[in-house]
Every structure is written in C-alpha cells, then in structure tokens.
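Visitor:
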Amino acid sequence: MRGRTLVIGVPFAWLMLFFLAPFLIVLNYSVSEMGSVRPENIYAVVDGAIKLTLKYSNYLSIAGDGLYFKAYLSSLKYAAITTVLCLTIGYPFAYFMARARATLQPALLMLVMLPFWTSFLLRVYAWKGLLEEGGWVARLLQALHLDGLLLQTGMIAAAGKYMNTPFSLVIGMTYTYLPFMILPLYAALAKMDLRLLEAAADLGATPWEAFWKITVPLSKAGIIAGSMLVFIPCVGEFVTPELLGGPQTLMIGRVLWDEFFSNNDWPMASSVAVVLILLIVVPLAVFNKYQAEAQERSR
Amino acid sequence: MSTRRALFSPSFAIGFGRGWLTAGFVFLYLPILTLVIYSFNKSPLPTVWGGFTLDWYVKLASDQEMLGGLWLSLQIAFMSATTSVVLGCLAAFSLVKYSRFTGRTLFNGMVNAPLVMPEVIVGLSLLLLLVALQSVFGARGMMTIWLGHVLLGMSYATVVVQARLQDMNPQLEEAAMDLGARPHQVFLLVTLPLISQALASAWLLTFSLSLDDVVVSAFLSGPGSTTMPLVIFSRARLGLNPSVNAVATVIIAIVAVFVTVASVLIARAERRRAEEVNAALRANP
Amino acid sequence: MTVQQNPAFLQIQDVVKDFDGVKAVDHVSIDIAKGEIFALLGSSGCGKTTLLRMLAGFEVPTSGRIVLDGKDLADMPPYGRPINMMFQSYALFPHLTVWDNIAFGLRRDGMPKDQIAARVEAMLKLVQLGAYAKRKPHQLSGGQQQRVALARSLAKSPQLLLLDEPLGALDKKLREETQIELVNIVEAVGVTCVMVTHDQEEAMTMASRIAVMSEGRVLQVGAPHDIYETPATRFVADFIGNVNLMDGRVLVDESDHVVIECADCSHYVGHGITGTAGMPVAVAVRPEKIHLAREMPDGEYNRVKGVVKNLAYFGSFTVYHLQLPSGAMLKVSQNNVQRHRDDALTWNDEAWAHWSRSSQVVLTQ
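Protein chains in written order, with the working numbering: chain A, 239 to 537; chain B, 274 to 558; chain C, 2 to 366.
#1: Taking CB distances under 8 angstroms as the criterion, tell me whether residue 279 (chain B) reaches chain A.
#2: Given a threshold of 16 other Cβ atoms within 10 Å of its Cβ, counted over all protein chains shown, does residue 140 (chain C) qualify as buried or as exposed?
#3: If we ignore side chains and look at the alpha-carbon of each, how far apart do residue 142 (chain C) and residue 97 (chain C) end up?
#4: For the segment 418-451 of chain B, which residues have a CB atom closer than 8 angstroms to at least one CB atom of chain C, in sequence order?
#5: Can we say the segment 192-209 of chain C touches the segment 112-131 of chain C, given the rule of at least three CB pairs closer than 8 angstroms?
#6: Just checking, does the segment 448-464 of chain B make contact with the segment 380-396 of chain B on the three C-beta pairs under 8 angstroms criterion?
#7: Excluding five sequence neighbours on each side, which residues of the same chain lie with their C-beta closer than 7 angstroms to the C-beta of residue 263 (chain C)?
#8: Going by beta-carbon coordinates alone, are residue 490 (chain A) and residue 510 (chain A) separated by less than 8 angstroms?
#9: For residue 184 (chain C), which residues from the same chain have a beta carbon less than 6 angstroms from its beta carbon, with the 5 sequence-adjacent residues on both sides left out?
#10: With 8 angstroms as the threshold, decide whether the Cβ of residue 392 (chain B) is near any Cβ in chain A.
#11: Quick check on residue 129 (chain C) - is its C-beta less than 8 angstroms from some C-beta in chain B?
#12: In chain B, which residues lie with their C-beta within 7 angstroms of the C-beta of residue 495 (chain A)?
#13: Going along the chain, which residues of its own chain have a beta-carbon closer than 6 angstroms to the beta-carbon of residue 323 (chain A), five neighbours each way excluded?
#14: State the DSSP-derived secondary structure class of residue 336 (chain B), mapped to helix, strand or coil.
#15: Can you pull the DSSP bridge partners for residue 165 (chain C)?
#16: Quick one: what's got a C-beta closer than 7 angstroms to residue 224 (chain C)'s C-beta in the same chain, skipping five residues either side?
#17: To be precise: take each residue of the segment 498-520 of chain B, compare its Cβ to all Cβ atoms of chain A, and keep it if any distance is under 7 angstroms. Which residues remain?
#18: Of all Cβ atoms in chain C, is any one closer than 8 angstroms to the Cβ of residue 458 (chain B)?
#19: Can you round the beta-carbon distance between residue 153 (chain C) and residue 102 (chain C) to whole angstroms, since I take them to be within the 8 angstroms contact cut?
#20: Could you check which residue in A:344, A:492, A:331, A:502 has the C-alpha nearest to that of residue 418 (chain A)?
#21: What do you reckon, are the CB atoms on residue 321 (chain C) and residue 339 (chain C) nearer than 8 angstroms?
#22: Determine which residues of the segment 63-94 of chain C have a Cβ less than 7 angstroms from any Cβ of chain B, and write them out in chain order.
#23: Can you tell me whether residue 1 (chain C) is buried or exposed, with buried defined as 16 or more other CB within 10 angstroms of its CB?
#24: With 8 angstroms as the threshold, decide whether the Cβ of residue 520 (chain A) is near any Cβ in chain B.
#25: Name the chain C residues that come within less than 7 angstroms of residue 553 (chain B), Cβ to Cβ?
#26: On the DSSP bridge assignment, give the partners of residue 211 (chain C) in chain order.
#27: Could you tell me whether the segment 213-224 of chain C touches the segment 232-247 of chain C, using the rule of 3 or more Cβ pairs below 8 angstroms?
#28: What span of residues does the beta strand (DSSP E) with residue 66 (chain C) cover, start to end?
#29: Output needed in chain order: residues of the segment 293-304 of chain B with a Cβ under 8 angstroms from some Cβ in chain A.
#30: Quick check on the burial criterion: 16 or more other C-beta atoms within 10 angstroms. Buried or exposed for residue 527 (chain B)?
#31: Is residue 471 (chain A) helix, strand or coil when you go by DSSP?
#32: Count the CB pairs spanning the segment 82-89 of chain C and the segment 157-167 of chain C that are closer than 8 angstroms, and state whether there are at least three.
#33: So, does the segment 441-460 of chain A touch the segment 353-370 of chain A, judging by three or more C-beta pairs under 8 angstroms?
#34: Are residue 362 (chain C) and residue 259 (chain C) close, meaning C-beta to C-beta below 8 angstroms?
#35: Is DSSP giving residue 263 (chain C) helix, strand or coil here?
#36: At a CB distance below 7 angstroms, what residues from the segment 464-492 of chain B approach chain C? Give them in sequence order.
Laid out in structure tokens, this is it:
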C-alpha cells in the first residue's frame with residue numbers, strides 16, 4: 239500500500255501546492271487593498287483574536303466601472319466568435335481528413351501538427367507582417383473587395399487598415415487555436431463507423447441528410463471538446479490581443495496584465511482574475527465532465 | 274436506395290474536400306512561409322522586397338540578448354520537460370490504476386484544468402504564491418519559471434501517458450506478476466518499455482511548450498532570467514523586426530526536419546510491423 | 002486419463018467473493034486431485050473467472066480458504082505462488098522475443114544463466130517452436146502465440162497450471178487440433194490443471210472432471226460422462242448438450258423401477274429413485290436416446306406419437322422437432338447411418354418416438 243500512497247501522493251501534493259494554494263492566495267489578495275508599498279494584510283491579531291478585514295473595493299470597482307464590464311463582455315464576445323470560426327473552418331477540415339485515404343491520414347495529421355510544434359508566438363507575429371499595409375493578406379483582402387463587409391460588421395475601423403483591429407485579433411486567435419479544434423474533431427470523426435452511413439443510405443437518406451442526422455450528432459463529443467479547448471483559453475488570451483489587437487479590442491487578459499505590471503495593483507489584478515475564473519467556471523466544468531466521460535468510455 | 278436526387282454528387286464532395294483541405298493548409302502554412310521568406314529580405318519592411326541577404330542571420334549570431342535567452346529557454350525546457358513527464362506519469366498511473374481514492378474528482382480536475390485555463394490566471398496565481406513563500410523559493414528566476422512550466426506541462430504529459438495506459442492490455446502486467454515479478458519489477462520490465470513511446474512524445478510536447486511559453490514566463494521571470502520568447506515578445510511589441518524572422522526560420526527549420534524525420538521513421542516502423550504480422554498469419558494458419 | 006490417488010491436492014474451502022454486495026462466488030468448495038485436469042464450466046457471469054483469479058492471486062477471497070499441497074494461499078501475492086496462468090489474450094510481452102518471454106519467470110527466480118537456457122530450450126522443444134525463438138510475438142500466428150504462452154506458463158514447473166478460456170481465440174478447425182495437443186502436453190508434464198471455459202465441448206473433451214457453475218455456485222461436480230448422463234438438476238441437464246424435459250408425477254415408486262406420468266406419455270424408468278409416490282418430478286431424456294419409427298412400438302410406456310414440425314440437417318445427424326399432443330415439442334436426434342433413405346421422415350409426417358427404460362434421468366430439482 240505504501241507504493242500506492244506515493245504514486246498518488248506526489249502529484250497530488252504538487253498540485254495542491256502549486257495549483258490550489260495559489261488560487262486561495264489570489265482570493266485572499268482580491269479582498270485586500272493596495273497599501274503604499276505592498277498589499278495590506280487581511281488578517282490582524284487584535285486582542286488575541288484574529289480579525290478579518292475584507293475589503294470589497296476591488297469588486298465594487300469592477301462592478302461599477304464600465305470599462306471592466308466592457309472588457310469581460312468583449313473577451314467573451316471575441317472568444318465566442320473565434321470558437322465559431324474555428325468550428326466552421328475546422329469541422330469540414332477534420333471531416334475531409336477523416337474521410338481521406340487511410341494511408342494519407344497520418345501524413346495529413348503530421349501536417350496539421352507541424353505548425354503547432356513551431357512557436358505560436360512567432361506565428362502570431364507573422365500575421366503582423368501579413369496584415370500590415372502592403373502585406374500579402376492585406377493586399378489580398380483589398381483585391382477581394384471585402385472592406386465594405388468588414389467595415390459594416392465593425393471588424394475594421396478604416397478601409398485598408400487591417401492591423402490592430404477586431405479583425406486582426408480574431409484572425410490571429412482563430413489561426414492559433416485552429417489545431418486545437420481540428421484534433422478532437424478528427425479523433426471523433428475518424429472513430430466513426432462508416433457502415434452507419436451505408437445503413438442510412440440503404441434506408442433512404444441522401445448524403446446531406448445522413449451528414450446532419452448521423453455524422454454530426456456522433457461527433458458531438460469532439461465538437462464539445464474542441465469548442466472548450468478554444469473558448470476557455472481565448473477568453474483570457476493575452477499575447478494575441480497584445481500583438482494583433484488594438485485600442486478597440488479590450489480583452490480581460492490585457493486588463494489583468496496592465497493592473498499587475500503597469501499599475502502594480504496586485505489586489506486589483508487578483509479581483510479581475512477571480513471574476514474571470516467565475517466566468518469560465520461553467521465551461522470549465524463542462525470540459526471536465528467531458529474528459530471524465532471520455533476516460534470512462536475508454537475503460 | 275434513395276430515389277431522391279442527392280444534393281451533392283460524390284465527385285463534387287471529393288473536389289470540395291480537396292479544395293477545403295488545400296485552402297486550410299495554405300491558411301496554416303502561409304504565415305510560416307512568409308516568416309521564412311522575409312528573413313532573407315534586405316529591407317526591414319515586410320511589405321517591400323529589397324533583395325536577398327543573409328545579414329539578419331549574421332546579426333543573429335552575435336545577438337547576445339537573443340542567444341542568452343535561447344540558452345536559458347533550452348535549459349528550462351529540458352528541466353521542465355523531464356519533471357513534467359515524471360509527474361505526469363505518476364498522475365496518469367493514479368488515474369488509470371486506482372479507480373477509487375479520496376479526492377479523486379478533485380485530483381482529476383486539478384490535472385485537467387491547466388490544459389484550458391487562461392495563462393494569465395496561472396501566471397498570476399503562481400507568482401503570488403512564490404512571493405508569499407519567497408523565503409523558500411527565493412527570488413524570481415530560472416527556478417520559478419521552471420515551476421510554472423511544470424504546472425502546465427504536467428497536464429499535457431498526463432493526458433498523453435493516460436491514453437497509452439488505457440490502451441495497454443492489463444493482462445500483461447498480471448502475467449508479469451504471475452511469473453514472479455514484484456510490483457516494481459513489473460513497472461521497470463514490462464510497463465515502462467510499453468509506454469516508452471508515449472513518454473518520449475510527452476517529453477517532446479512539454480519541451481516545445483516550455484520553449485514557447487510567454488505569459489507564465491513573464492509573470493515568473495526576474496532580472497537576468499529573460500527567456501527567448503520574452504525577448505521575441507518585447508521586440509515584436511515594438512514593431513516588425515527582421516531579427517525575429519531569422520530566429521523564426523531557424524526554429525522552423527529545426528522543428529520541420531525533426532518532425533518529418535520522426536514521422537517517416539515511425540511510419541516505416543509501423544509498415545514493417547504490419548508486414549510481419551501479415552506474413553505470420555499467411556505462413557501458419 | 003490417469004489421476005493419482007492423493008486426494009485434495011488443491012482444496013477450495015467455502016470460498017466467497019463479494020463485490021459490493023454482489024456475490025460473484027457464493028460458498029464454493031471443491032477438491033481437486035494432483036495431476037487432474039479440472040474444468041470450471043459456466044456462462045459469463047457465473048463466477049468461474051473470479052474463482053480462477055482467486056487461485057492466481059489477483060483477487061482476494063472475502064471469506065474461505067484456498068489450500069494448495071497443504072499450504073494456505075492466503076496472503077500470498079501472485080508473484081509468490083507456485084501457480085502459473087495462461088491468459089485468454091496470451092499476454093505475451095510484445096517487446097520481448099519468444100525466448101525472453103519464456104525465460105522471464107525463470108529470471109525473476111534468479112536461476113543461473115545456463116540452467117535458464119537449458120530450461121527454455123526444453124520448453125521450446127515441448128511446444129515445437131524451436132525455430133521461432135528469436136521472433137517477437139507479433140511475428141507469430143495465433144496458434145503459435147498460444148504455444149508460447151503455454152511454454153511460458155510451464156517453464157517454472159508450477160504446482161498448479163491455470164488456463165483461462167484456452168481455446169477461445171481460435172477458429173473451429175484449429176480448436177480441435179489444439180485441444181488434443183494441449184491435453185497431451187499437460188499430461189506429459191503431469192501438472193495439475195484448472196481451466197475455465199464457457200464451451201461445453203472444450204470442457205468435456207479436455208477435462209477429467211468438470212464443475213458446472215451458475216451465479217457463483219457450483220451445481221455439480223463430476224466426470225464429463227457423469228455430468229452428461231446423470232445431471233443433478235434441471236439447469237445442468239439443460240446447460241449441457243440438448244435435453245427434453247418433461248414434467249410429471251410419480252405414479253409407482255418401487256425400489257427397482259418407477260413409473261412417472263407426464264402430459265403426453267408415461268415413463269417406465271428402470272431404476273429406483275429417492276422419493277415418494279405422487280411427487281412432482283421432471284424426466285430428462287437426451288435427443289439421441291430417442292428412436293423414431295412410423296409404426297407404433299410395443300409396450301405401453303416410453304413412447305409418444307407426434308408430428309414432425311421442423312427438421313435440421315447437420316450432415317452426420319438430423320434433429321427432428323416433434324410436436325406432441327399437448328403442444329410441447331420433443332427433440333430427437335438421429336444419426337444419418339445411410340446415405341439415402343426412401344422412407345426418411347419429413348415435415349408434417351406422423352411418427353412414434355420411443356426410448357429405453359434406462360435412458361431417462363429423473364430430476365427432483
């Protein structure tokens with residue numbers, strides 16, 4: 239039995255110390271205020287008893303200040319748009335990969351994974367060059383006369399200027415997270431028994447009907463997994479908004495960063511973090527449940 | 274068979290599929306391609322082609338800041354990959370072998386959460402912990418970055434090893450015990466060789482994640498411990514910079530060669546194995 | 002098959018295995034003699050595999066004892082028992098050669114290298130795989146893999162050999178050949194063997210004694226012939242082979258014969274039973290013990306008239322389903338002794354079924 243305690247105990251203790259404890263500390267900070275040099279303590283020993291001073295000023299600021307509220311909202315918005323885009327581009331991609339010749343599939347998989355292995359930072363940076371005025375994609379977009387559509391949807395502010403806009407942010411995030419959507423979808427679609435489609439055809443369904451009534455529902459697990467793998471990190475994204483986003487694209491990741499690094503207001507940053515965690519707690523629970531179920535199924 | 278006309282004929286579907294895949298791959302690889310191409314651009318602006326040059330690579334060779342960052346990143350990546358794999362292995366074993374233990378749901382949640390949690394949260398919370406325990410962990414630097422990377426890497430390693438363990442025939446370990454191997458011998462002689470490929474890919478995965486990390490490193494680094502991604506990030510923030518292109522091309526080249534060679538070797542080994550299995554089945558029913 | 006007269010080499014004493022309130026093994030007691038090939042037979046879920054795993058040491062009995070050669074096996078982990086198992090999936094180590102697979106257990110014992118070599122060579126010779134020593138499991142066919150698994154499990158000269166569904170993974174042709182080979186090897190080595198199977202044929206052809214199990218309990222233990230011809234309960238009679246079960250009441254109860262009245266016929270059974278007149282019983286008659294004739298047979302017992310409602314042709318024999326006056330169906334199996342018969346029975350023919358007074362088994366359970 240001693241071996242078992244060690245095997246479970248070591249990673250468990252590590253996670254408790256470096257994952258759980260920090261969250262409690264963040265919580266602690268979030269209800270304190272910034273003193274002149276360092277955050278004030280919420281504990282104080284007064285007359286032999288521990289006195290707790292919880293300061294909610296940070297949370298009140300978040301609730302009251304429209305800026306924070308807007309930042310949370312726009313983070314959710316852009317994360318949702320990115321997820322939908324990843325799904326729209328990624329699903330057909332994964333589908334045709336899974337239906338390709340069996341000998342071809344490992345090579346296709348490798349080609350999808352290859353960009354993932356190269357630095358994501360560099361690839362986001364590459365989009366700066368592509369979307370700058372005169373960059374390849376910028377020129378392509380102008381040639382395709384998409385400016386009107388982009389201006390209307392509020393994706394860009396001025397014609398021809400694609401950098402530091404919601405458009406560049408969304409493209410950047412979609413690009414970065416696309417493999418995270420494709421892989422679970424591919425796994426689910428490749429596992430599907432193709433004979434089910436034959437049965438459907440035999441019973442009178444057209445390929446289109448069979449796709450929507452059989453293939454899509456069966457790949458539901460992949461859709462959920464992929465969506466969670468994209469949506470949740472996107473909400474708190476920092477690097478892409480920083481490099482590709484602009485003044486219009488308020489993302490909560492940047493707000494948190496600025497509170498911490500620029501304002502040096504650790505309690506404020508912590509409060510922002512706590513609210514962010516609360517925002518993603520529901521999708522996080524969904525993701526966790528999916529993971530647990532996937533493991534049960536493969537037992 | 275259906276008497277209604279199908280909306281899409283098979284040939285259309287194939288053509289559409291090929292088109293979509295091609296467009297998708299173009300989308301995935303275009304940025305990488307432009308990085309490489311413009312690393313040879315004489316002009317520092319990516320919008321103007323000034324002629325072919327290797328200047329930026331020459332400059333890279335003497336770029337102390339970048340090279341220093343690279344060396345630091347490699348060290349951290351090596352340490353965090355190794356630690357992540359060890360911890361991930363233990364966690365994977367716990368989840369697969371022991372179906373019931375106190376706190377299993379919590380454990381499972383903690384192991385999976387870093388996979389999706391926004392890095393700003395991970396970075397901030399870990400930093401606050403390390404500051405509170407400064408007497409134990411010392412000032413921010415290489416060690417603190419290592420801790421942050423291990424936290425992220427452990428989740429990925431667990432997922433990879435867990436998948437392999439679940440696929441493994443449990444009777445193999447039972448057979449080993451039946452033949453007289455004690456639990457630690459079972460692990461060393463049977464389990465470990467069988468999961469070795471998963472361990473290797475987990476190591477490589479966590480290595481590249483560590484090498485590439487920006488946010489957690491930013492929160493946890495201190496003076497004198499600037500990793501390569503942080504160097505690149507600070508330069509990229511200021512604008513376009515061909516030195517970044519040069520570094521990018523070098524990294525891309527290394528990764529591309531490595532992944533392609535590995536894939537080819539693995540594919541060849543798989544094919545050989547399949548042939549051997551078929552030969553055995555044909556020769557002796 | 003020779004069985005040594007030392008009783009109770011392996012004693013399973015009132016063993017119970019409880020999984021969360023469900024008794025997978027429910028008070029099982031069996032004595033197995035040294036050198037026997039003993040089969041645990043039953044359908045999935047009957048507890049036979051759990052019992053086997055308790056012998057191997059992978060499960061711990063909730064209560065009860067297992068004693069091997071006088072030694073209680075409690076607290077002995079699998080790697081400490083003088084017992085070896087051949088797994089259903091063979092469980093050959095894929096990263097080791099055939100040679101290393103067989104040597105694995107010997108190396109764990111710290112045997113000197115030259116002794117290991119000699120022993121492995123002997124095992125390879127026993128299963129006739131000498132030429133394949135350097136191959137890896139995936140380079141072998143299914144039958145060859147099984148032989149390696151067998152050699153590996155015999156390498157340490159265990160006191161008890163456990164076989165988990167040994168023929169399950171093989172196709173029919175291979176199964177017949179392997180059955181004989183397997184028994185020959187086990188008997189040549191002389192090791193006591195306990196096997197688990199759901200296949201009656203496998204149990205009956207390979208084992209010297211069988212325990213029929215259902216829902217964690219042992220229903221009957223005996224030699225194949227005894228189990229088949231003298232089943233102890235309705236379940237056993239029905240489980241092994243095919244059987245006709247007719248419910249009836251004892252009319253005459255004498256010490257050397259009984260008469261039982263059933264819905265369609267009356268049985269004259271040529272032996273006494275423990276019971277009383279008026280007792281409800283079931284009469285079991287195997288299909289092959291029944292003869293079919295167009296003319297009415299003599300005597301007033303052990304005959305019934307029916308209509309052929311179904312016939313299934315199996316090549317060497319045919320099974321007729323006769324509908325009896327009460328509506329019940331009687332299964333009769335006849336060997337096709339002649340290639341052609343002009344008066345062969347066919348659908349909707351009327352026929353008389355009759356059987357001898359020694360062909361029935363009277364069941365009270």
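Each residue gets a CB set at the ideal place from its N, CA and C atoms; glycine is no exception.
Guide: According to the structure shown:
#1: Model confidence at residue 279 (chain B) stands at a pLDDT of 47, short of 50, so the residue's coordinates are unreliable; what they give is reported in the following sentence. Residue 279 (chain B) counts as touching chain A.
#2: Counting Cβ neighbours within 10 Å, residue 140 (chain C) comes out buried, since at least 16 surround it.
#3: Whole-angstrom Cα-Cα distance: 16 angstroms.
#4: When CB distances to chain C are screened at a threshold of 8 angstroms, the residues of the segment 418-451 of chain B falling below it are 442, 444, 445, 447, 448, 449, 450, 451, in chain order.
#5: When C-beta atoms of the segment 192-209 of chain C are compared with those of the segment 112-131 of chain C, fewer than three pairs fall below 8 angstroms, so the two segments do not count as touching.
#6: Counting Cβ pairs under 8 angstroms, fewer than three are found: no touch.
#7: Correct list, in chain order: 247, 248, 249, 284.
#8: Cβ distance < 8 angstroms, so residue 490 (chain A) and residue 510 (chain A) count as in contact.
#9: Closer than 6 angstroms at the Cβ level, and outside the excluded window around residue 184 (chain C), lie 207.
#10: By this cut-off, residue 392 (chain B) is an interface position.
#11: Not closer than 8 angstroms to any Cβ of chain B, the Cβ of residue 129 (chain C) fails to qualify, so no.
#12: Here the neighbours are 393.
#13: Result list for residue 323 (chain A): 412, in chain order.
#14: In the structure shown, residue 336 (chain B) adopts coil according to DSSP, grouped into three states.
#15: BP columns for residue 165 (chain C) point to C:197.
#16: For residue 224 (chain C), where only same-chain residues beyond five positions count, the Cβ hits under 7 angstroms are 209, 210.
#17: If the cut-off is 7 angstroms between Cβ atoms, the segment 498-520 of chain B has 502, 505, 506, 509, 510, 513, 517 near chain A.
#18: For residue 458 (chain B), the answer is yes, since a Cβ of chain C falls inside 8 angstroms of its Cβ.
#19: The distance from the Cβ of residue 153 (chain C) to that of residue 102 (chain C) is about 5 angstroms, consistent with a contact at the 8 angstroms cut-off.
#20: In terms of CA proximity to residue 418 (chain A), A:331 leads the group A:344, A:492, A:331, A:502.
#21: Cβ distance not < 8 angstroms, so residue 321 (chain C) and residue 339 (chain C) don't count as in contact.
#22: In summary, the residues of the segment 63-94 of chain C whose CB is separated from some CB of chain B by less than 7 angstroms are 79, 80, 85, 86, 88, 90, 92, 94, in the order they occur in the chain.
#23: No answer is possible for residue 1 (chain C): the residues shown for chain C start at 2 and end at 366.
#24: Not closer than 8 angstroms to any Cβ of chain B, the Cβ of residue 520 (chain A) fails to qualify, so no.
#25: Correct list: 140, 141, 142.
#26: Note: residue 211 (chain C) is bridge-paired with C:40, C:223 in the DSSP secondary-structure output.
#27: Three or more Cβ pairs closer than 8 angstroms define a contact, and the segment 213-224 of chain C meets that threshold against the segment 232-247 of chain C.
#28: Element bounds for residue 66 (chain C): 64-69.
#29: Hits within the stretch, in order: 293, 294, 297, 298, 300, 301, 302, 303, 304.
#30: Classification for residue 527 (chain B): exposed.
#31: In the three-state DSSP reduction, residue 471 (chain A) falls in the helix class (H, G or I).
#32: With the cut-off at 8 angstroms, the segment 82-89 of chain C and the segment 157-167 of chain C touch.
#33: The segment 441-460 of chain A is not in contact with the segment 353-370 of chain A.
#34: Remark: C-beta atoms of residue 362 (chain C) and residue 259 (chain C) do not approach each other more closely than 8 angstroms.
#35: Strand at residue 263 (chain C).
#36: Those residues of the segment 464-492 of chain B that come within reach of chain C (Cβ to Cβ, closer than 7 angstroms) are 466, 467.
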